[in-house]
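**Q** Let me begin by handing over the structure; questions about it come next.
4 protein chains.
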Amino acid sequence: MQIAVARLPDQHVLRENLSVPGLADAIHVAAHGNVGERSWLMPSDRLLIHYEAEVAINRPNLAIEALPADPLPTLPADVVEYLLPSRYCPVDTMHAATDDLFGGLTGGAGVLAVRDWIGGHLSYVPGASHAGTTALDTFHAREGVCRDYAHLLVTLVRGLGIPARLVSAYAPNVTPPDFHALAQVWLAGSWHLIDATGMAEPSHTAIIGVGRDAADISFLTIFGSATLNEQAVVVSLL
Amino acid sequence: MQIAVARLPDQHVLRENLSVPGLADAIHVAAHGNVGERSWLMPSDRLLIHYEAEVAINRPNLAIEALPADPLPTLPADVVEYLLPSRYCPVDTMHAATDDLFGGLTGGAGVLAVRDWIGGHLSYVPGASHAGTTALDTFHAREGVCRDYAHLLVTLVRGLGIPARLVSAYAPNVTPPDFHALAQVWLAGSWHLIDATGMAEPSHTAIIGVGRDAADISFLTIFGSATLNEQAVVVSLL
Amino acid sequence: MQIAVARLPDQHVLRENLSVPGLADAIHVAAHGNVGERSWLMPSDRLLIHYEAEVAINRPNLAIEALPADPLPTLPADVVEYLLPSRYCPVDTMHAATDDLFGGLTGGAGVLAVRDWIGGHLSYVPGASHAGTTALDTFHAREGVCRDYAHLLVTLVRGLGIPARLVSAYAPNVTPPDFHALAQVWLAGSWHLIDATGMAEPSHTAIIGVGRDAADISFLTIFGSATLNEQAVVVSLL
Amino acid sequence: MQIAVARLPDQHVLRENLSVPGLADAIHVAAHGNVGERSWLMPSDRLLIHYEAEVAINRPNLAIEALPADPLPTLPADVVEYLLPSRYCPVDTMHAATDDLFGGLTGGAGVLAVRDWIGGHLSYVPGASHAGTTALDTFHAREGVCRDYAHLLVTLVRGLGIPARLVSAYAPNVTPPDFHALAQVWLAGSWHLIDATGMAEPSHTAIIGVGRDAADISFLTIFGSATLNEQAVVVSLL
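Residue numbers (the working numbering), protein chains in the order written: chain A, 227 to 464; chain B, 227 to 464; chain C, 227 to 464; chain D, 227 to 464.
Below you can see the structure in the form of structure tokens.
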């Protein structure tokens, strides 16, 4: 399980409460890229999880258009993996199409061209995708939800030679209300949030975790079997 | 580029020479899981790489049959990612078939059951697969090369709840001679080498790098375009 | 649209009424393999279709176990295409696995071995598949609905060198009630019905249409866009 | 085996010789859509096939730009199947992208827009594709051979509501010399040849067979196993 807001320099958890009746002894391990924490839960029966937090976010909405891409050999060792293909982001398979659509573009301008292409060619359709939907599926289906938008952006941006990763988060104004998925791109020496759906602003986004793609940051990964009875997410600005 | 033998507790590089004429300033970054090193090369024209090393390996051929799987919540934080689906190892998609074939098996016995199933159902056929071939493709094609064998083993083993990752290596007796791919599985608190093709013994395997799958440990990842003119790998026991 | 019961030697339509208010002039064309009829409808707005029929079926539940497969060169010209790969039945891709599981089996015994394998390894799970699900997807997902069961049976049977095709039908005892999909296999010179789900008996099955796979016999193929508001199928024995 | 030039109103076989030493008794069956013939061969050992023909073609290079698409309900019953998805032409999966690229276009103008898009975005690369490559794979790989070009054209044209099918043929100027694959589209009541690669002119194309896609018109379909030792195709204008 990974649902708690991460401790990060630009977001501070003011108040937080995680309640899992009957499972006080959840075990925590650091999550991918050392952003956030995963908890292992071993329920025997019905599981009820309640999480509530108040978060102060101090992350400006930067203009990334002018930011340059870093030369590949200067990338930190732990950033390189975010250039490579992953489960839902088949950079290799989509490389030719990426080149055909965005060849010659790079840096922040390239990232924004990708985001604008997605905004102009995809429709936000809840239920259009399923657990196995990859960025390639979304590329030709031309529809999906936040996770699909983020996977497509990450895949195309990696194809431009820019590291990109998936981010799970809480954000207000997500319709319908749910966990949100967006992306971070590596430009000018650091990670920058970008939302292909246009729903969330960086300054209002409480990051839970990061990963290569949704396989790494699922809010709930099941080993064994389980049924989701009900789920509700409420995010509001104070 | 990732072709140099890794510095590891159980393998010592006695002598090593990497020659890349005209590119003395290749830049090194640590590779995945801090095993091995990647080099960035920026050739403008024809590139000739020569690498030669003598390695002393002190890694016994352990019997893993009796080793238990670690309970999931006790896994170190940096091992958890090797349980999850990746580019060529769609654990999620293959979960039902894994369960159908190997349900109830676990630990070293489960790993060996997977290895034996692969040995009994796959044929080693150079040229049968291509760059995009996943473990799922191999599962129904029932043929492939070392990389395909390793991907299938890694995917099925992860499906049993046991962390597994891909390993690139040099090994003698690989036919035809080439870079070799095998796997490591996490049992009883450490990584253990296992070769689904049966070609390489742990005690004769010089590890280059590790990763979630071949996307992470390709001996050469191209950004831009290049043509492979010729390649030769020679490994011998001293 | 293809929902009317076909006129066939072994099933007689005693009474039939198709009502499509405001579209009296639907145009009929023969369906695939000259079994059944398709109707073209060009609705401008909301479309309400009501179809009702009483059918006398004179089709014995034959034991196919002892029936031989016909030698390939003796197959009638219009039967050959049912040996080949089609949209949802990638015979080629699954050939190695088919051979591995059923190699050496042929004729009615081979068909029943396939049906029994499916019965023993798949779970009937409404909602588990989607419009693009192929026999290959079902082979490793190990779950699906009648259409998925039929696609898998057709694909595996073709892999044994026996022509097989998909059949849409009405049958009682289908749970939940819906259009039903099953298969026909070509043995000993004629087509024989077989239901991989075990829900429908040949003697109680009113055939609508046949085709290479679901792409050919969809009850409704949309050119343009449309939304399905509601659908109900009721089948009962008199 | 399907390699003989078809008997058609617009192409006349002046002279023809098929030699298959030791297999005088090949059995012929009509091929798909009643264009061409398939032969069943049952070799026990090494098979040597030699085919030679002289063909007079009387097929003008028509301008199809101005030809209208036929209204769907007026399509002959045996043409309707060429609108539907098939093994290598997943019309359904590519519908959204087709609509996005060519929405609003129809008839001969639509067909030519598709052909020009393919000409502008694909590279002809022998060896880039394999036996399982679909139109969808080619759509994002942006490269392939004649068969891939033809599959992509057929899929996109069907997506415009225009029947389209694959054609195997002999044509001069195919580079490298080989069997050629192109397409036929149904406009204004008849089939019209079109070559997405631009290599072959209708007036110089000797049609062998037609089908939904390559699954139907493979020059050699193997039941059992076989190895292709050598193959040569020579086509010249007299």
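Where a beta carbon is used, it is the ideal one built from N, C-alpha and C, also for glycine.
To the nearest angstrom, report how far apart A458(A) and I275(A) are at their CA atoms.
**A** Answer to the nearest angstrom: the Cα atoms are 11 Å apart.
**Q** Taking Cβ positions only, does L362(A) come closer than 9 Å to chain D?
**A** Yes, its Cβ sits closer than 9 Å to a Cβ of chain D.
**Q** Under the three-state reduction of DSSP, which class applies to N455(C): helix, strand or coil?
**A** Reduced to three states, the DSSP call for N455(C) is coil.
**Q** For T319(A), return the contacting residues in chain D, with the cut-off set at a CB-CB distance below 9 Å.
**A** Those within 9 Å of T319(A) in chain D are D363, H366, A367.
**Q** Of the residues that make up the region 322-352 of chain C, which ones have a beta carbon closer than 7 Å to any beta carbon in chain B?
**A** For the region 322-352 of chain C, which is checked against every Cβ of chain B, the residues closer than 7 Å are A322, A323, D326, H347.
**Q** In this structure, does DSSP put S312(A) in helix, strand or coil?
**A** In the structure shown, S312(A) sits in a strand (DSSP, three-state: E or B).
**Q** Who are the neighbours of R311(B) on chain A, taking C-beta pairs under 8 Å?
**A** Position check: residue 311(B) holds Pro in this sequence, whereas Arg was assumed. Going along chain A in sequence order, the residues near P311(B) (Cβ under 8 Å) are R313, A441.
**Q** Give me, in chain order, the residues of the same chain whose beta-carbon lies closer than 6 Å to that of L241(D); leave out the 5 immediate sequence neighbours on both sides.
**A** In the sequence on display, residue 241(D) carries Arg and not Leu. Within the same chain, R241(D) has close Cβ partners E280.
**Q** Mind checking which residues open and close the alpha helix (DSSP H) that includes I344(B)?
**A** Where I344(B) is concerned, the enclosing alpha helix (DSSP H) stretches over 333-347.
**Q** What does DSSP give as the partner residues of N243(C) in its beta bridges?
**A** N243(C) pairs with E278(C).
**Q** When DSSP builds the beta bridges, which residues end up paired with E307(B)?
**A** According to DSSP, E307(B) bridges with nothing at all.
**Q** Looking at chain D, is there any beta carbon in it that lies within less than 9 Å of the beta carbon of G387(C)?
**A** Interface residue, yes.
**Q** What residues match up with E263(B) in a beta bridge as DSSP calls it?
**A** Answer by DSSP bridge pairing, in chain order: A256(B).
**Q** Alpha carbon to alpha carbon, what distance is there between L379(B) and L386(C)?
**A** Taking the straight line from one Cα to the other gives about 28 Å.
**Q** Please confirm whether A354(A) and V340(A) have their CB atoms less than 9 Å apart.
**A** No, they are not a contact pair.
**Q** At the 9 Å Cβ level, is G358(B) part of the contact set with chain A, yes or no?
**A** Output row for G358(B): interface = yes.
**Q** Using a beta-carbon distance below 9 Å, is L454(D) in contact with chain C?
**A** No, because no Cβ of chain C sits closer than 9 Å to the Cβ of L454(D).
**Q** What are the residues that DSSP puts in a beta bridge with E427(C)?
**A** Paired residue(s): none; E427(C) is not in a bridge.
**Q** If you measure between the beta carbons of R368(B) and D363(C), is that distance less than 9 Å?
**A** Result no, Cβ atoms of R368(B) and D363(C) do not sit closer than 9 Å.
**Q** May I ask you to list, following chain order, the residues of the region 246-259 of chain D that have a beta carbon less than 8 Å from some beta carbon of chain C?
**A** Answer in chain order: I253, V255, A256, A257, H258.
**Q** So L267(C) and G334(C) are in contact, right, with Cβ under 8 Å, and what is the actual spacing, rounded?
**A** Their Cβ separation, rounded to whole angstroms, is 40 Å, which puts L267(C) and G334(C) out of contact at 8 Å.
**Q** Can you pull the chain C neighbours of A432(D), defined as C-beta to C-beta under 8 Å?
**A** Within chain C, no residue comes near A432(D); the closest Cβ sits about 22 Å away, beyond 8 Å.
**Q** Measuring CB to CB, does G435(A) end up less than 9 Å from A257(A)?
**A** Cβ atoms of G435(A) and A257(A): closer than 9 Å.
**Q** Using a Cβ cut-off of 7 Å, pull out every chain D residue sitting near A303(C), in sequence order please.
**A** Within chain D, the residues near A303(C) are V255, A256.
**Q** Could I get the ranges of all uninterrupted alpha helix (DSSP H) runs contained in the region 352-425 of chain A, with 4 residues as the minimum, in chain order?
**A** As far as the region 352-425 of chain A is concerned, its whole alpha helix (DSSP H) runs of at least 4 residues are 361-367, 372-385.
**Q** Any residues in the region 255-284 of chain A with a beta carbon nearer than 8 Å to a beta carbon of chain B? Which ones, in chain order?
**A** Residues passing the 8 Å Cβ filter: V255, A256, A257, H258, R264, W266, M268.
**Q** If I'm right that L327(A) touches P389(A) with Cβ under 8 Å, what's the distance once you round it to whole angstroms?
**A** About 19 Å separates the two Cβ atoms, so there is no contact after all.
**Q** Identify whether A323(C) lies in helix, strand or coil by the three-state DSSP scheme.
**A** Helix, per DSSP.
**Q** Kindly list, in the order they appear in chain B, the residues whose Cβ is closer than 7 Å to that of E307(A).
**A** Simply H258, D442.
**Q** Enumerate in chain order the residues of its own chain whose CB-to-CB distance from W417(D) is below 6 Å, with the five nearest sequence positions on each side excluded.
**A** Once the five neighbours on either side are set aside, the close Cβ partners of W417(D) are Q410.
**Q** What would DSSP say about L298(A), mapped onto helix, strand or coil?
**A** DSSP places L298(A) in helix when its eight states are reduced to three.
**Q** Please report whether the beta-carbon of T497(A) lies at a distance below 9 Å from any beta-carbon of chain B.
**A** Outside the modelled stretch of chain A, which goes from 227 to 464, sits residue 497(A), for which no answer is possible.
**Q** Are there 16 or more other CB atoms within 10 angstroms of the CB of I448(A), so buried, or fewer, so exposed?
**A** I448(A) comes out exposed.
**Q** Is there a C-beta anywhere in chain B that falls below 9 Å from the one on L298(A)?
**A** Yes, contact with chain B.
**Q** Just to confirm my understanding: we take P247(A), look at its own chain, exclude 5 residues before and 5 after, and list those with CB closer than 7 Å. What are they?
**A** Closer than 7 Å at Cβ, skipping near neighbours: L274.
**Q** So who's on the other strand from I283(C), going by DSSP bridges?
**A** DSSP output for I283(C) lists Q237(C) as bridge partner(s).
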